[in-house]
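Engineer:
Residue numbers (the numbering used here): 27 to 299.
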């Protein structure tokens, strides 16, 4: 039966009785062996409402999306929690390592709590790139409407300039007085925000933003939004698993310009690939 038909049948059925056999597939998928090396792994989350202890609470579903050595996308795992932190991410990354993922060259994330510490502990050689787009959004969140357009324009030289330190100093000189928290945020996250600048354009376009995984999450949200409230964590996993099967069936082509990116990886990460 086509996955689209299975998915539609499941979503229209009573969630606590329909397709209970799917959970066995979910467990097998979540524990399957992974490739030894993924050049790039994206991490992101979406929020779902789950009924628990007679209450409806928000829970975050965290997703790992890997790019393998051939440039193809692969969803590596799902984890659900109502909180995050270094211990949570340490457990998840250790789980992936136990499944065979021995090395990640670059991990791309939003500023997830405890992620940097966990990556350093499990994959000490991994470079951690924070999403530039998220950083800009966070920077503009508390900016007055009249300044927003000008400030956004002044943020661009920070991540486009070759001499990025000078760009940040210029930004701080212009906006530091009224928006000190913005310049401080860029300074505090500088090392992880500017990882992508050491790479050629073919790699920069892939890693400076988490768009690859956000696109996946947007498709998943269309399904979870229709569900409104899930009766259990198990129901969340079953729904997302069936949806992901349908989505990933269309992932037949590698990332654009991947051969150019791999040529650089083979030189920079010699001995690790």
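The beta carbon of each residue, even a glycine, is placed where N, CA and C say it ideally should be.
(1) Under a three-way DSSP split, which group does residue 295 fall into?
(2) Considering only C-alpha positions, which residue in the set 139, 134, 133 is nearest to residue 109?
(3) Rank 191, 228, 281 by C-alpha distance to the C-alpha of residue 100 and give the top, closest one.
(4) To the nearest angstrom, report how far apart residue 210 and residue 198 are at their CA atoms.
(5) Who are the Cβ neighbours of residue 162 in its own chain at under 8 Å, not counting the five residues just before and after it?
(6) CB-CB under 7 Å to residue 262, same chain, minus the five flanking residues each way: which ones, in chain order?
(7) Is the number of C-beta pairs between the stretch 50-59 and the stretch 222-241 that are closer than 8 Å three or more?
(8) Going by alpha carbons, who is nearest to residue 141 out of 240, 114, 166, 80?
(9) Please report the straight-line C-alpha distance between residue 153 and residue 124, rounded to a whole angstrom.
(10) Looking only at its own chain, which residues have a Cβ that is under 7 Å from the Cβ of residue 291, when we skip the five neighbours before and after it?
(11) Using the Cα positions of residue 223 and residue 185, report the straight-line distance between them to the nearest angstrom.
(12) Could you please give me the residues that DSSP links to residue 76 through a beta bridge?
(13) Taking DSSP's pairing of strands, which residues face residue 103 in a bridge?
(14) Does the distance from the CB of residue 119 to the CB of residue 159 come in under 9 Å?
(15) Cutting at 6 Å between CB atoms, please list the residues of its own chain near residue 133, excluding the five before and the five after it.
(16) Taking DSSP's pairing of strands, which residues face residue 63 in a bridge?
Structural biologist: On the basis of the supplied data:
(1) The answer is coil: DSSP assigns residue 295 none of H, G, I, E or B.
(2) For the set 139, 134, 133, the Cα lying nearest the Cα of residue 109 is the one of 139.
(3) Of the candidates 191, 228, 281, the one whose C-alpha sits nearest the C-alpha of residue 100 is 281.
(4) Here the alpha carbon of residue 210 sits roughly 9 Å from the alpha carbon of residue 198.
(5) Around residue 162: 178, 181.
(6) Shown here for residue 262: same chain residues with a beta carbon closer than 7 Å to its own, the five before and five after excluded, namely 74, 76, 87, 106, 256 in chain order.
(7) Counting C-beta pairs closer than 8 Å gives fewer than three between the stretch 50-59 and the stretch 222-241, which falls short of the contact rule.
(8) From the listed residues 240, 114, 166, 80, the smallest Cα separation to residue 141 is found for 114.
(9) About 20 Å.
(10) Once the five neighbours on either side are set aside, the close Cβ partners of residue 291 are 65, 131, 299.
(11) Cα to Cα, residue 223 sits roughly 8 Å from residue 185.
(12) Assignment of beta-bridge partners to residue 76 by DSSP yields 83, 256.
(13) According to DSSP, residue 103 bridges with 90.
(14) With a cutoff of 9 Å on beta-carbon distance, residue 119 and residue 159 are scored as not near each other.
(15) Excluding its 5 nearest sequence neighbours in each direction, residue 133 has C-beta neighbours in its own chain below 6 Å: 67, 145, 152, 154, listed in chain order.
(16) In DSSP, residue 63 forms a bridge with 129.
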